[in-house]
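Input: a single structure, listed below in structure tokens.
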Amino acid sequence: MTTVLQYTLSGLAIGGVYALVALGFHIMWSTAKAVNFAHGDTLMIGAVLAVLGVDAGMPVWLACSLSILAGAVFGVALERIAVRPFTAEANSIGWMLATIAIGIMAESLATMQFGGFSRALPSPGVERPISVFGAGVYPQELLIPAVAVLLTLGLGLAQKRTLVGRAMRAVAHDKRAAALMGINVNRIVALSFGLAAVLGAGAGVLVAPVIQASATMGVLIGLKGFAVAIIGGITSAPGVLVAGLAFGVLEKFVEGYISTAAREIVAFSVMIAVLLAFPQGLFGKRETVKV
1 MTTVLQYTLS GLAIGGVYAL VALGFHIMWS TAKAVNFAHG DTLMIGAVLA
51 VLGVDAGMPV WLACSLSILA GAVFGVALER IAVRPFTAEA NSIGWMLATI
101 AIGIMAESLA TMQFGGFSRA LPSPGVERPI SVFGAGVYPQ ELLIPAVAVL
151 LTLGLGLAQK RTLVGRAMRA VAHDKRAAAL MGINVNRIVA LSFGLAAVLG
201 AGAGVLVAPV IQASATMGVL IGLKGFAVAI IGGITSAPGV LVAGLAFGVL
251 EKFVEGYIST AAREIVAFSV MIAVLLAFPQ GLFGKRETVK V
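The UniProt record's numbering puts the sequence shown at residues 1 to 291.
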């Protein structure tokens, strides 16, 4: 039972990261019907800049805050440069290639500045493990899923009870009608990409003390975050959260009882099976269009 609990707690930690990244995909898709395929690199930007800030002598809290802010700026700028020009045309998929290209460039730039090695972000949450019913876990690992749950709840409340949240829902429902009601659609879409980037960069800051920061850390995590968003139903924030946590736990059990090499095979095989059975994701709703 101790081993099972150990794998569960470790899985919830990495699953919380997947959930935070997937929530970013949820926000972008729900508002703009487009996503940033360099979103995993937003996580990398948050982690790498935080480490560089600490190396430069900044306090950890300041380095983390500035790195998250930089991630937000990156998300907003990417939407303006690589998404908006292509989504203006119906059925254009140019934004997919454009965001992927920018992600590759960001990774290359990070490799030039940060190096090809990994470094951990200092954090009091990884100084000493604690025991939870016999299972050893760092406080930082418990913090990650807790933050994911709180942000999911906060996002739901913001969408229902704030003017900006209601504007985001209106734009997601019908951009043209929202514009006629006086909503600045471009500004709301840019805001959604910035908010998604905040979640991505924040996830990087949270996970960097646990798995170490590197220039290439965002690629696979971003891909898994997108897979989690699809599995949970990209239009459902609670579904994305549940799918992210479950995906992380599944990975840890496969890693522990089979092998690390089998982790990706089993995880993505489950993703394919879920999508075959539930094309809209486990908690997603089929979109209908009235004509």
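Just so you know, even glycine gets a beta-carbon here, dropped at the ideal spot from N, CA and C.
Any non-hydrogen atom of the ligand ADP within 8 Å of Ala-197 CB = Among the components of this structure there are no ligands whatsoever, and the ligand ADP is therefore not found.
request  = Taking Glu-137 as part of the alpha helix (DSSP H), name the residues at either end of that continuous run.
outcome  = Working through the sequence shown from its first residue, we reach residue 137 at position 137. Correcting the residue identity first, residue 137 is Val in this sequence and not Glu. Note, Val-137: premise wrong, no alpha helix (DSSP H); beta strand (DSSP E) at 135 to 137.
key: Residue range of the alpha helix (DSSP H) that includes Ile-45   = Within the sequence shown, residue 45 is the residue found at index 45, counting from 1. Run containing Ile-45: 39 to 55, per the alpha helix (DSSP H) assignment.
query = Exposed or buried, which one is Ile-272 when buried takes at least 16 other CB atoms within 10 Å?
reply = As a first step, residue 272 is located in the sequence shown; it is residue number 272 there, counting from the start. Flag for Ile-272 reads exposed.
task = Tell whether a beta-carbon distance below 9 Å holds between Phe-247 and Gly-15.
result = Walking along the sequence shown from the start, residue 247 turns up at place 247. Walking along the sequence shown from the start, residue 15 turns up at place 15. Yes; because the gap between Cβ atoms is below 9 Å, this pair is in contact.
C-alpha distance - Ala-82 paired with Phe-193, whole-angstrom precision = Translated into positions along the sequence shown, residue 82 becomes position 82. Translated into positions along the sequence shown, residue 193 becomes position 193. Roughly 12 Å between the two C-alpha positions.
Rounded straight-line distance, which links the Cα of Asp-41 to that of Ala-106 = Within the sequence shown, residue 106 is the residue found at index 106, counting from 1. Within the sequence shown, residue 41 is the residue found at index 41, counting from 1. Answer to the nearest angstrom: the Cα atoms are 7 Å apart.
inquiry  = For the alpha helix (DSSP H) containing residue 292, name the first residue and the last one.
reply    = What the structure shows of the chain is the stretch from 1 to 291, and residue 292 is not part of that stretch, so it cannot be assessed.
key: Endpoints, the beta strand (DSSP E) within which Ser-214 is located   = Taking the first residue of the sequence shown as position 1, residue 214 is located at position 214. Segment: none, Ser-214 is in no beta strand (DSSP E) and carries neither H nor E.
query = What three-state label does DSSP hand Gly-11 in the structure shown?
reply = Walking along the sequence shown from the start, residue 11 turns up at place 11. In this structure, Gly-11 counts as helix in the three-state DSSP scheme.
ask   = When the Cα atoms are used, what is the spatial distance from Ala-70 to Ile-45?
value = Translated into positions along the sequence shown, residue 70 becomes position 70. Translated into positions along the sequence shown, residue 45 becomes position 45. Cα-Cα distance, rounded: 8 Å.
ask   = So, Leu-220 versus Gly-24, is the Cβ gap smaller than 9 Å?
value = One-based indexing of the sequence shown puts residue 220 at position 220. One-based indexing of the sequence shown puts residue 24 at position 24. Not in contact: Leu-220 and Gly-24 (Cβ atoms no closer than 9 Å).
inquiry  = How far does the alpha helix (DSSP H) with Val-60 in it extend, from its first residue to its last?
reply    = Locating residue 60 in the sequence shown gives position 60, counting from the first residue. Counting along the chain, the alpha helix (DSSP H) containing Val-60 begins and ends at 60 to 78.
inquiry  = So the candidates are Ala-135, Leu-143, Phe-133; which of them puts its Cα closest to the Cα of Val-126?
reply    = Working through the sequence shown from its first residue, we reach residue 126 at position 126. Closest option to Val-126, Cα to Cα, is Leu-143.
key: Neighbour flag for Thr-162 against chain C, beta carbons, 9 Å   = The displayed structure is made up of one protein chain only, and chain C is not part of it.
query = Leaving out five residues before and five after Gly-11 in sequence, what residues of the same chain have Cβ atoms less than 6 Å from its Cβ?
reply = Within the sequence shown, residue 11 is the residue found at index 11, counting from 1. If we look at Gly-11 and ignore the five residues flanking it on each side, its Cβ neighbours are Gly-248, Val-249, Lys-252.
task = Could you name the residues that DSSP lists as bridge partners for Ser-30?
result = In the sequence shown, counting from the first residue as 1, residue 30 sits at position 30. Answer by DSSP bridge pairing: none, since Ser-30 is not bridged.
task = Return the CA-CA distance between Tyr-138 and Val-242, expressed in angstroms with no decimal places.
result = To locate residue 138, count along the sequence shown from 1; it is residue 138. To locate residue 242, count along the sequence shown from 1; it is residue 242. Going from the Cα of Tyr-138 to the Cα of Val-242 covers about 22 Å.
ask   = Name the DSSP beta bridge partners of Ile-234, please?
value = Against the sequence shown, residue 234 aligns to sequence position 234. Ile-234 is not bridged to any residue.
Thr-152 versus Ala-215, His-26, Ser-214, residue with shortest Cα-Cα distance = Numbered from 1 along the sequence shown, position 152 holds the residue referred to as residue 152. Comparing Cα-Cα distances from Thr-152 to each of Ala-215, His-26, Ser-214, the minimum goes to His-26.
message = Let me check understanding here. Comparing Cα to Cα, which of Ser-236, Ala-203, Ala-237, Asn-36 lies closest to Val-48?
response = In the sequence shown, counting from the first residue as 1, residue 48 sits at position 48. Val-48 has its Cα closest to that of Ala-203, out of Ser-236, Ala-203, Ala-237, Asn-36.
query = From Ser-269 to Phe-278, what does the alpha carbon distance come to, in whole angstroms?
reply = Taking the sequence shown and counting its residues from 1, the one referred to as residue 269 is at position 269. Taking the sequence shown and counting its residues from 1, the one referred to as residue 278 is at position 278. So the two alpha carbons sit approximately 14 Å from each other.
ask   = Which whole runs of the alpha helix (DSSP H) in the stretch 89 to 127 are 4 residues long or more, in chain order?
value = 94 to 114
query = Quick one: is Leu-276 buried, meaning 16 or more other Cβ sit within 10 Å of its Cβ, or exposed?
reply = In the sequence shown, residue 276 corresponds to position 276, counting from 1. By the 10 Å Cβ count, Leu-276 comes out exposed.
query = Going along the chain, which residues of its own chain have a beta-carbon closer than 6 Å to the beta-carbon of Ile-100, five neighbours each way excluded?
reply = Taking the sequence shown and counting its residues from 1, one reaches residue 100 at position 100. These residues qualify, in order along the chain: Phe-37.
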